[in-house]
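Enquirer: From first to last, the protein sequence lines stand for chains A and B.
Residue 92 in our numbering is what sits at position 98 of the first sequence, and the numbering runs on without skipping anything.
When you read off a place in the second sequence, starting at 1, and then add 124, the result is the number in our numbering.
For each residue, glycine too, the CB sits at the ideal point set by N, CA and C.
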Amino acid sequence: MSAQTVLAEAMAPAEDPAVKEAVRDRIRDFAAATFLVGAGEVGPDTDLFEANVIDSFGFVELVSFLEQTFGIAIEEDDLTSPEMATLAGIERVVTGKLRQQGALR
Amino acid sequence: MTGPRPTPVQACRRCLLPATLPGLAFTADGLCDLCAATGEAEAEAERVALRARLDALYAAHRGTRPYAAIVAYSGGKDSSYTLKHLVEEQGLRCLAITVDNGFLSAGTLDNCRAVCAALDVDLVVFTPSRRFTERMYRASVERDDLHAPAAVKRASAICSSCITLINTHMLQRALELRVPIVAGGYLGGQVPRDGAVMTLRPGRQARIRTALVNRFVGALGEGARRYFDLPGAAEGDPEVVVVNPMLGVALSEEAIKAALAPLGWRQPTDTGLTSTNCRLNDLGVYLHSRRHGFHPYAMEIAEQLRGGTISREAAARKLGTLPGRGDVAWMAERIGLPADAL
Ligand SMILES: [Zn+2]
């Protein structure tokens, strides 16, 4: 909810570094609270499935968090994309969709 | 989000989630962030929307196949109610599958047979190798790498392993028999809110499964593969929809038991403190509470409190009722835990 407000206030294209940073922070905070991993334990390119951070329930929680927080739709192709296995990849998926939408909601 | 805290919060004032539950933050006025995020009206609206989604799904599959749904049937009250709901209210032809983990209470299989007979449902009892399951339970206690760290929020390690084996077995059978729906009797808090309806395409969603199989095979040897692997995409990538209908049902435990009585379901008397079907639950609860400082049922009881299906007193009583060492020692011994593990 709060990220939505932050992002709505920004109303900027996704290339804006401040927006990218907000997206990154929001995802990291969610991952830390939901998957119980500290920032030091998981790098941006760590495979979250192989590292046993995200299980199938965790993935369901992740997808609905992304959809609700950023107002985007995670499609079937996204679900099977290797991008969804790392924090950096997830950020790219989100910013890519925000860019497609032209502006941030 | 977390405001200044004049006194440390012990538990959420609405749902009783304890501050010892990892990853939880509290607002200044003593609400956990889960309660702060969802009001009662929102939760009710979510439940109504979910029921509509489930109804549409059932309508699409009613009468289309020999079995419209496989029900993961533990014989406990929640999966018994799930089965009744799907058969009687939704008109789905179901196959009930019970996994006998070697620790079912004496009355459980009687309940399974009675309820299935009353509902005119086919029942299969699957008994995995006792030697394997006992090794799996022991490994669940002794290793911390079988489940993702966040799994501690939902269930004890013993239960998580058992649930993983059971869920996989249901999916294996659904893929084999081409059954479009797998239904579990899980409650809110035992699965994520969005776990009420999940579409699975094993061939396309192999990454999480591969990681899971590797963990269990790594810990328990190649023999584990048959319990945790799923057939791949070879058969045209069939789709299975996994549903947990109880997430759309707002009934108290008493109401559920009352609805089951006419089907011949009886509360077993030897299940220990924390379950209506499995005795091993108590060992899981005992170890989990000591290791993590909170009851493994805290999340589901919190959901019941938010949904108004349990009283505060009953919830507090459940959270405060912990099995003792003497209640669980025989199970620890049977799965090969050393005496000092308790
Ligand atoms: Zn709460």
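Serine 285(B): which of Asp246(B), Gln329(B), Leu336(B), Phe250(B) sits nearest, CA to CA?
Expert: Measuring from the Cα of serine 285(B), the nearest candidate turns out to be Leu336(B).
Enquirer: So, valine 239(B) versus serine 204(B), is the Cβ gap smaller than 8 Å?
Expert: Closer than 8 Å, so yes.
Enquirer: Checking 8 Å against the spacing of the C-beta atoms, do asparagine 46(A) and arginine 339(B) come in under that value?
Expert: Their beta carbons are under 8 Å apart, which means asparagine 46(A) touches arginine 339(B) by this criterion.
Enquirer: What does leucine 81(A) reach in chain B if we use C-beta pairs closer than 8 Å?
Expert: Ordered by position in chain B, no residue passes the 8 Å Cβ test against leucine 81(A), which lies about 15 Å from the chain.
Enquirer: Determine, using beta carbons only, whether isoleucine 434(B) comes closer than 8 Å to chain A.
Expert: With 8 Å as the cut-off, isoleucine 434(B) does not count as an interface residue toward chain A.
Enquirer: Consider the Cβ of proline 462(B): report whether some Cβ of chain A lies at a distance smaller than 8 Å.
Expert: No - not a single Cβ of chain A is within 8 Å of the one on proline 462(B).
Enquirer: Quick one, which residues of the segment 259 to 276 of chain B are near chain A if we go by CB-CB under 9 Å, in chain order?
Expert: So the close ones are Asp269, Leu270, His271, Ala272, Pro273, Ala274, Ala275, Val276.
Enquirer: Give the straight-line distance between the Cα atoms of glycine 309(B) and isoleucine 68(A), rounded to the nearest whole angstrom.
Expert: The alpha-carbon atoms of glycine 309(B) and isoleucine 68(A) are separated by roughly 27 Å.
Enquirer: Report buried or exposed for aspartate 49(A), applying the criterion of at least 16 other Cβ atoms within 10 angstroms of its Cβ.
Expert: Classification of aspartate 49(A): buried, given that the 10 Å Cβ count is 16 or more.
Enquirer: Could you pull the DSSP bridge partners for phenylalanine 352(B) from this structure?
Expert: Phenylalanine 352(B) pairs with nothing; no bridge assigned.
Enquirer: My guess is that isoleucine 282(B) and tyrosine 261(B) are in contact by the Cβ rule of under 8 Å, so how many angstroms apart are they, rounded?
Expert: Indeed, because the Cβ distance is near 5 Å, the residues count as touching under 8 Å.
Enquirer: Rounded to the nearest angstrom, what separates tryptophan 389(B) and lysine 381(B) at their Cα positions?
Expert: The straight-line gap from Cα to Cα measures roughly 8 Å.
Enquirer: What is the DSSP secondary structure of threonine 400(B), counted as helix, strand or coil?
Expert: Reduced to three states, the DSSP call for threonine 400(B) is coil.
Enquirer: Would you mind sorting glycine 431(B) into buried or exposed? The rule is 16 or more other CB atoms within 10 Å of its CB.
Expert: Classification for glycine 431(B): buried.
Enquirer: Does any residue of chain B bring its CB to less than 8 Å from the CB of methionine -5(A)?
Expert: Since pLDDT at methionine -5(A) reaches only 45, below the 50 mark, its modelled position is unreliable, and the value read off the structure follows with that caveat. Taking Cβ atoms only, chain B reaches closer than 8 Å to methionine -5(A), which makes this a yes.
Enquirer: Going by beta-carbon coordinates alone, are leucine 387(B) and leucine 210(B) separated by less than 8 Å?
Expert: It is not a contact, given that the beta carbons lie outside the stated cut-off.
Enquirer: With a threshold of 8 Å between beta carbons, is aspartate 202(B) in contact with chain A?
Expert: Chain A, which has no Cβ nearer than 8 Å to the Cβ of aspartate 202(B), makes this no.
Enquirer: Would isoleucine 48(A) count as contacting chain B if we go by Cβ distances under 8 Å?
Expert: So yes, isoleucine 48(A) belongs to the interface.
Enquirer: Once DSSP output is grouped into helix, strand and coil, what is the label at alanine 374(B)?
Expert: Coil at alanine 374(B), not helix or strand.
Enquirer: Please report the distance separating the alpha-carbon of aspartate 353(B) from that of alanine 330(B).
Expert: Going from the Cα of aspartate 353(B) to the Cα of alanine 330(B) covers about 10 Å.
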